[in-house]
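Asks:
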Amino acid sequence: MIRTTNVKSGVIDLETVRYVTEETYRTWTRRQVPRSGDVILTREAPLGEVGMLKEADGVFLGQRLMSYRADPDKLDAHFLLYALQEDHLQDQIRATGAGATVEHMRVPDAEKLRIKLPPLATQRKIASILSAYDDLIENNARRVRVLEEMARALYREWFVEYRFPGHEQAEFVEAEQGRRPVGWEWLPFSEMFDSTLGGDWGSEKAQGADVCPVRVIRGTDFEDIAGGAPIRCPTRFIDAKSLFKRKLQAHDLILENSINAKTRSAGTPFLIDAYTLEMLGSDSIAASFCKVYRPKAKYVKLIPLAYLYLDHMVMTKRMEYFQNIAANGIANLQSQKLIAEGKILVPPAHVLDKILALLGDTQSKVLAYRIQNLRCTRDLLLPKLVSGELDVSVLDISGAEDAQVSAEEVIA
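Take the sequence shown: its position 403, counted from the start at 1, is 403 in full-length UniProt numbering, and no numbers get skipped.
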C-alpha cells in the first residue's frame with residue numbers, strides 16, 4: 001500500500017510501502033487498479049507532494065492520495081508530473097487547504113485543478129528535458145547508495161572480521177580493550193575528540209538576540225543530505241554567541257541525541273565535510289536534539305573510521321548499549337558514556353592510507369554534491385519550461401541525450 005509518506009519530490013518510494021493481505025488489496029482496488037504512468041498527488045500530511053508510478057504490479061493507493069491518469073491524446077503523463085510541481089498548480093493546491101488546522105485537499109477540489117496545456121509535442125519536449133535531469137539524478141543517487149554499502153562492507157571486512165590484505169600472516173593480541181592485529185592500536189574517543197557540543201533550535205523568526213539565520217540539521221535530514229535529495233533543513237534564527245560556538249565545520253560528526261525508541265536507536269551518525277557545507281549553502285548548526293563531536297586537529301584524518309565505527313554500531317544495534325529509554329519512549333544517547341568507552345582501531349600508516357583511499361567517502365559526497373547541482377538546475381528550469389517562459393517548440397529532441405543538451409542551451 002502506497003501512503004502519503006511514500007510520495008516525495010516527484011518520486012514514489014516502493015521500498016518502504018506497507019504490505020497487506022490479498023483480500024485487502026482486492027477490496028481497495030475495486031474502483032481502480034493503479035497503472036504504470038499514473039501520477040499521484042498527496043491530499044494531506046503532507047499536502048501537494050507528487051510522484052509517478054513506474055511499477056504498478058500489486059500496489060494500491062492508501063488514504064489521502066489522488067490518482068491522475070493522463071489521456072494520451074491530450075496530455076503527456078510526464079508533463080503532468082512536472083506541471084503539478086510548478087507554482088501555478090501548487091498555488092491552487094495550497095489554496096484548497098488554507099485555513100484548516102491540518103492542510104487538507106478534498107477530492108472534488110483535486111478534480112477541479114486547472115492546468116496550462118501547451119500542444120502535445122511541446123509537452124513531450126518539456127517532459128524529455130526534465131526527465132533527462134531526473135534520470136541523471138537517480139543514476140547518481142543509485143551510485144551513492146552503492147558506494148555507501150561498499151564502504152560499510154569494506155569496514156566490516158577489515159575492522160570487524162579482520163580479513164584485510166595479508167591477514168593470513170598477521171599475528172593477533174588479546175588485550176583488555178579487545179582483540180587486535182599486532183601493529184594496530186585502539187584510539188579512545190576521549191583522546192580523539194576535542195569537544196562535544198549540544199545543538200540549538202533558536203527562533204522561527206528573528207527576534208531579540210536571535211538574529212543570525214542558520215540551517216538547522218535534524219536527524220531526519222541525514223539521509224537526504226547524504227543522498228543528494230532535496231534539502232529540507234529549516235532556516236531558523238539564533239544569537240551570535242551560539243552561532244560562534246555551534247557553527248558546523250568540516251570533519252564534525254553529528255549524532256542523533258534523542259529519538260523515538262520505536263523508530264530506531266539514538267546515535268545515528270552523520271559526517272560533515274566541505275561538500276556538505278557547500279550543499280547547505282549557508283551557516284549551519286545541529287538541532288537541539290543532536291550532539292556534535294569535534295575531533296582534535298591531529299585526528300581529523302581518522303574521522304571516516306570513527307563515522308563507520310558508529311554507523312556499524314547503529315546497524316548492528318550495539319549502539320543501544322549507549323542509550324537509555326525514558327518513560328515516554330524517547331531514547332537518549334549517553335554521550336559521556338560513549339566518549340568514555342567508545343574507541344576505533346587504527347592500523348599502521350600504510351594500511352590506513354590504503355583503507356581511506358578505498359572507502360571512497362569523498363566519492364559519495366562528490367556525487368551527492370553533483371546531484372544537488374543537477375536538482376538546482378532542474379528546479380530552475382521546471383517553472384520556466386512548464387509556464388512557457390522558455391520556448392522549446394523549435395528544439396529538435398529525439399532522446400534523453402538530446403534533451404539534456406537542449407536544457408543546457410536553454411539555460412544559457
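For every residue, glycine included, the Cβ atom is placed at its ideal position computed from N, Cα and C.
Quick caveat, the model's predicted, so the values are computed rather than measured.
Taking the C-alpha atoms as reference points, what is the distance between Val39 and Leu187?
Replies: If I take the Cα positions, the gap works out to 52 Å.
Asks: Compute the Euclidean distance between the alpha carbons of Ala286 and Arg143, then round it to the nearest angstrom.
Replies: 27 Å
Asks: Going by the CB atoms, is the gap between Leu271 and Tyr307 shorter than 8 Å?
Replies: yes
Asks: Let me make sure I understand the geometry here. Which of Val386, Val392, Asp391 and Met313 has the alpha-carbon closest to that of Arg152?
Replies: Met313
Asks: Please determine if the segment 96 to 111 and the segment 323 to 339 are in contact, where contact requires at least 3 C-beta pairs separated by less than 8 Å.
Replies: no
Asks: As an exercise, report each continuous alpha helix (DSSP H) stretch of at least 4 residues that is fully enclosed by the segment 13 to 76, in chain order.
Replies: 22 to 28
Asks: If you run the structure through DSSP and keep just helix, strand and coil, what is Asp402?
Replies: Residue confidence for Asp402 is low, a pLDDT of 46 falling below 50, so the modelled location carries little weight; the figure read from the coordinates is stated next. The answer is helix: DSSP assigns Asp402 an H, G or I state.
Asks: Thinking Ala95 and Arg43 are a contact (beta carbons under 8 Å), I'd like their distance in whole angstroms, please.
Replies: 13 Å between Cβ atoms; not a contact.
Asks: List the endpoints of the continuous alpha helix (DSSP H) containing Leu113.
Replies: Note, Leu113: premise wrong, no alpha helix (DSSP H); not H, not E.
Asks: Under 6 Å Cβ to Cβ from Val294, same chain only, skipping five residues before and after it: list those, please.
Replies: A quick correction: the sequence has Arg, not Val, at residue 294. Around Arg294: Asp194, Ser195 and Asp252.
Asks: What are the start and end residues of the alpha helix (DSSP H) that includes Val292?
Replies: Premise fails: Val292 lies in the beta strand (DSSP E), Cys290 to Pro295, not in any alpha helix (DSSP H).
Asks: Can you grab the Cα-Cα spacing for the pair Asp200 / Leu380, in whole Å?
Replies: Going by the C-alpha atoms only, they are around 32 Å apart.
Asks: As an exercise, report each continuous alpha helix (DSSP H) stretch of at least 4 residues that is fully enclosed by the segment 215 to 245, in chain order.
Replies: Qualifying alpha helix (DSSP H) stretches, in chain order: 222 to 227.
Asks: How big is the Cα-Cα spacing for Leu136 and Leu374?
Replies: 8 Å
Asks: Can you find at least 3 beta carbon pairs, one from the segment 42 to 62 and one from the segment 17 to 33, that sit closer than 8 Å?
Replies: yes
Asks: Compare the C-alpha of Lys262 against each of Phe289, Arg318, Tyr321 and Asn328 and name the closest.
Replies: Among Phe289, Arg318, Tyr321 and Asn328, the Cα nearest to that of Lys262 is on Asn328.
Asks: Within its chain, find whatever has a CB closer than 7 Å to the CB of Ile339; leave out the 5 residues flanking it on each side and keep chain order.
Replies: The answer, listed in chain order, is Phe189, Ser190, Phe193 and Thr196.
Asks: What is the DSSP secondary structure of Lys247, counted as helix, strand or coil?
Replies: Here Lys247 carries a coil assignment [DSSP, helix/strand/coil].
Asks: Buried or exposed for Asp221, going by 16 or more other Cβ atoms inside 10 Å?
Replies: buried
Asks: Locate the alpha helix (DSSP H) running through Leu390, then write down its first and last residues.
Replies: Run containing Leu390: none; DSSP gives neither H nor E here.
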